[in-house]
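*Asks:*
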Amino acid sequence: MAEIGFRDSGKMFPGPRVPDRNAAPPSTPPLPDPAAEPASDLPQASVFASDHPGSADALGFEAALRPLAEMIAHSGAETPISAGLLGRAGAGKTAAAHILAGSLAALGTAARAITGSPFLGKILFLHIDAAQLDGDPATALAGALYTGLAAEFPAAAAEAMQSSRDPRIEAREAFERLDAGRRKLEAERSALEEADARRARLTDTILYEAAGSQIDAYANAKRQRIKNSLAAFGVQDDPVLRYKDMVRSVAETGDSGRFGFVLRAFSALKGQTGLLVTAALLLLAGIGLGTAVTEQTTWLGWMRANDGLGAAAAWLETHMNWLLTLRQVMFVGAAFAVAVNIWRALRLIQLVLRGDSLLRADLSARRRDVDGRYAHHVRRMEALAAECDALARRAAQAEQRAGGLPALDAATADASAFSGDPARQQAQRFIASVGAAANKAARLPAGAVKAPQRIVISIDNLDAAPQARARAILHSARGMFAQGYAVLIAADPERYAEDSETKDSCLDWIQIPVQVGEIAAQVDMAALVRSALGGRDGPEPPASAADARLSRLDEPLSEAEKLLLEDLAPIAGHSARSLKRFVNLYRLARCRRESDRGALALLLALDAGGTPAEKAAVEDTLSPLKTSSPLDLSRGGPRLASALSAVKSAQGDIGADTLYKAAAAARMFTFKP
């Protein structure tokens, strides 16, 4: 062999190579010209694959979880139902919960559209993030339930909340709320009366109380003029106050008041009547003098005929022009009196009408605010009156409920001293009341009830909470969610395997363990990669419509299957819980497997109650190297041999390959993958 040294080591040993310095640099392929390529009608490919629950990671979950969804939604399923979505972080537990929620919603919608469906039509699904729960787990879970229930079924939430409380305490609090409501109503009525009085006194308020109003500023600015004007009419007290009185009287009577004030200003005020009378007398006197001059021949002749008046008649005849002058003086005096009357009246009228205009402007500006406040108080009082009526009805109903309770005896009179946390007890009663209502509604048609027929509580993100906190949440959920509920627990079982107490309190509670990782392992990974890379070539999630006419769970078990399950009972467990879990898991697992059901039942029984030696014997047989060999479980003990004989009697002769195929379905329903 020729000596090559380390020249061609890169061909035999993987690793980075040192580039040849004399080699030509690699050519970069030219970028495609967007204008030269035709535009595609296809949607633009994603450049980032999201990890949200509805992404392509959930492919294959819907078909695998469909039997579980049917069992939860089935009207013949007894509650409580507890299922565990088990797997490590990132296995798809949250995605599985969302897929189950969608399947349950589709089944409920389809069930409401037909008659005689085996599924319930009204299913409430609540997703609870355990990491977001604060405070006592019981009250936090009850609060989450109330929030979700009130959003979909508000009447049922209110009824359950009412029934969860002590009727006597509720009656007392109802009357306290009624008393508080009536106090508010009385206070609002007083405020309304005050607002009404304020409306009535608005003119006086602006004139006499409100500083800074236009009329007040005008009166202060024209104070001396007003004083002089009113003094001419004999007003000696506060001129501004009397002026505002005049403005108020004009403003309150409107146009007729203005006209009347003008008339009074010319005739009724002090001095104005005297001026008018003086003018009238002077006018009459002037007219009389003019008549005397015109008829002087007549009355002078009469005077001459009298011996005593002859000299006077001669003098008057000589000075007759004086009478004409006096007549002119009379007319001028009358005109002057009228002019003084008009001047005095107009000066006052101008001041008062200007004040009336300013007052009306102030009233217009203030009345909007006052009327708005008054209308607000009216609406508020009407609302409070209606609220008090409702509170009175509720108080009467609460009193009636409390009055129907039997009287407490001396032994139970002080039981409240040992009642513990009242909020926790109320939360427990609320959850129990909601479950009882759902259990009752499940026996009625969906259209005849206004409450959920089944409530599915999905507790997710337990692994993000501290272990002690997660244990407390699971303990509370186990103790409270009973009839009417189905509980989904998304958790990693390995996280609780170290603490035996935790294992007993959470894992043993789960009736239906579902290994989400086993479902994900059966997904076409290449299809997922294609979907993440381009989004076009990858497969789409199945979009088949839910068929609510029949359920695969309703397929009756054959007599051979029943006999087989009875024969496998000794190996499946020695407690009612383990045997019920075994039967329930077999009902679910057989829905997806038409053949080899006997082998499937054997594996489920071993997982439920098999000894370590029996499980080791089966695991050794399931080795891929031995699947082609004859099935030999003799080293597993007599129980396993008897169980294998029962399987062969029900299914026929089976080999290791048959057991290997059934194991893939059985691994989905186990606590340990």
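Residue numbers (the UniProt record's numbering): 1 to 673. Note that CB positions come from ideal geometry on N, CA and C, so glycine has one too. Keep in mind that this is a model prediction, so the values were computed, not measured.
(1) Tell me, which residues are paired with Leu145 by DSSP?
(2) Starting from the C-beta of Leu564, find all residues in its chain whose C-beta is less than 7 Å away, skip the five residues before and the five after it, and write them out in chain order.
(3) Work out the CA separation of Val332 and Asn321 for me, nearest whole Å.
(4) Measuring CB to CB, does Leu65 end up less than 8 Å from Ala96?
(5) Are the CB atoms of Ala398 and Ala608 within a distance shorter than 8 Å?
(6) Would you give the residue range spanned by the beta strand (DSSP E) that Phe125 belongs to?
(7) Near Ile349, which residues of its chain fall below 8 Å by C-beta distance, leaving aside the five closest residues on each side in sequence?
(8) Let me know the secondary structure DSSP gives Asp421 once reduced to three states.
(9) Give the secondary structure of Ala663 by DSSP, where H, G and I count as helix, E and B as strand, and everything else as coil.
(10) Alpha carbons only, please: which of Ala130, Leu124, Met480 and Ala572 is nearest the one belonging to Ala69?
(11) Sorted by chain position, which residues of the same chain lie with C-beta nearer than 6 Å to Arg635's C-beta, five sequence neighbours on each side aside?
(12) Quick one, are the C-beta atoms of Arg367 and Ala195 less than 8 Å apart?
(13) Can you list, in chain order, the residues of its chain with a C-beta nearer than 6 Å to that of Arg552? Leave out the 5 residues immediately preceding and following it.
(14) Roughly how many angstroms lie between the CA atoms of Ile99 and Arg393, to the nearest whole one?
(15) Out of Ala334, Ile287, Lys450 and Asn220, which one is the CA nearest neighbour of Glu152?
(16) In three-state terms, what does DSSP make of Val514?
(17) Who are the Cβ neighbours of Leu171 in its own chain at under 6 Å, not counting the five residues just before and after it?
(18) Using the C-alpha atoms, what's the distance from Arg478 back to Thr139?
(19) Taking C-alpha atoms, which residue in Ala521, Thr298, Lys562 and Pro80 lies nearest to Ala482?
(20) So the candidates are Leu281, Gln453 and Gly271; which of them puts its Cα closest to the Cα of Lys440?
(21) Specify whether the stretch 211 to 221 and the stretch 329 to 344 touch according to this definition: at least 3 beta carbon pairs, one from each stretch, less than 8 Å apart.
(22) Which residues bound the beta strand (DSSP E) around residue 682?
(23) Which residues in the same chain have their Cβ closer than 7 Å to the Cβ of Ala665, if we skip the five residues on either side of it in sequence?
(24) Cβ atoms of Gly148 and Leu126: under 8 Å apart, would you say?
(25) Within 10 angstroms of the Cβ of Asn228, are there 16 or more other Cβ atoms? Answer buried if so, exposed if not.
(26) I need the boundaries of the alpha helix (DSSP H) containing Ile99, first residue and last residue.
(27) Could you compute how far the alpha carbon of His475 sits from the alpha carbon of Ile654?
(28) Can you tell me the Cβ-Cβ gap for Leu359 and Val247, rounded? I've got them flagged as a contact below 8 Å.
(29) Nearest CA to the CA of Glu295: which residue from Ala470, Leu323, Leu659 and Val583?
(30) Can you give the Cα-Cα distance for Ala662 and Leu604, rounded to whole angstroms?
(31) Quick one: Cα of Ile72 to Cα of Asn584, how far?
(32) Based on DSSP bridge pairs, tell me the residues matched to Leu488.
(33) Put residue 675 into one of helix, strand or coil per three-state DSSP.
(34) Less than 8 Å between the C-beta atoms of Val378 and Leu202, yes or no?
(35) Roughly how many angstroms separate the alpha carbons of Met303 and Ala292, rounded to a whole number?
(36) Going by DSSP, what residue range makes up the alpha helix (DSSP H) through residue 674?
*Replies:* Answer, in terms of the structure:
(1) Bridge partners of Leu145: none, in fact.
(2) The residues are Gly598, Ala601, Ala646, Val647 and Ala650.
(3) Approximately 17 Å between the Cα atoms of the pair.
(4) Yes, they are a contact pair.
(5) Cβ distance not < 8 Å, so Ala608 and Ala398 don't count as in contact.
(6) Ile123 to Asp129 is the span of the beta strand (DSSP E), which, as asked, contains Phe125.
(7) The answer, listed in chain order, is Phe261, Val262 and Ala265.
(8) Here Asp421 sits in coil by DSSP.
(9) Of the three classes helix, strand and coil, the one that applies to Ala663 here is helix, per DSSP.
(10) If we check each option's Cα against that of Ala69, Leu124 comes out closest.
(11) Ala617, listed in sequence order.
(12) Taking 8 Å as the Cβ cut-off, Arg367 and Ala195 do not qualify as a contacting pair.
(13) The beta carbon of Arg552 sits closer than 6 Å to those of Cys591, all from its chain and outside the five residues before and after it, given in chain order.
(14) Spanning the two alpha carbons is a distance of roughly 45 Å.
(15) Out of Ala334, Ile287, Lys450 and Asn220, Lys450 has the C-alpha closest to the C-alpha of Glu152.
(16) Strand at Val514.
(17) It should be pointed out that residue 171 corresponds to Ala in this sequence rather than to Leu. Closer than 6 Å at Cβ, skipping near neighbours: Ala398, Glu399 and Ala402.
(18) Near 14 Å, if we compare the C-alpha coordinates of Arg478 and Thr139.
(19) With respect to the C-alpha of Ala482, the residue from Ala521, Thr298, Lys562 and Pro80 having the closest C-alpha is Pro80.
(20) The residue among Leu281, Gln453 and Gly271 with its C-alpha nearest the C-alpha of Lys440 is Gln453.
(21) With fewer than three CB-CB distances shorter than 8 Å, the stretch 211 to 221 does not count as touching the stretch 329 to 344.
(22) This structure gives no information on residue 682, because the portion of the chain shown stretches from 1 to 673.
(23) So the list reads Ala589, Arg592, Arg593 and Leu600, once near-sequence residues are dropped.
(24) Between Leu126 and Gly148, the CB-CB gap stays under 8 Å.
(25) So Asn228 ends up on the exposed side.
(26) From DSSP, the alpha helix (DSSP H) with Ile99 extends over Lys93 to Ala113.
(27) Put simply, the backbone Cα of His475 is about 43 Å away from that of Ile654.
(28) Indeed they touch by this definition, with Cβ atoms about 6 Å apart.
(29) The shortest Cα separation from Glu295 among Ala470, Leu323, Leu659 and Val583 belongs to Leu323.
(30) Distance between the alpha carbons of Ala662 and Leu604: 10 Å.
(31) One C-alpha to the other measures close to 12 Å.
(32) Paired residue(s): Ala83 and Ser458.
(33) This structure gives no information on residue 675, because the portion of the chain shown stretches from 1 to 673.
(34) No, the Cβ-Cβ distance between Val378 and Leu202 is not below 8 Å.
(35) Going by the C-alpha atoms only, they are around 13 Å apart.
(36) The question about residue 674 has no answer here: the residues shown for the chain are numbered 1 through 673.
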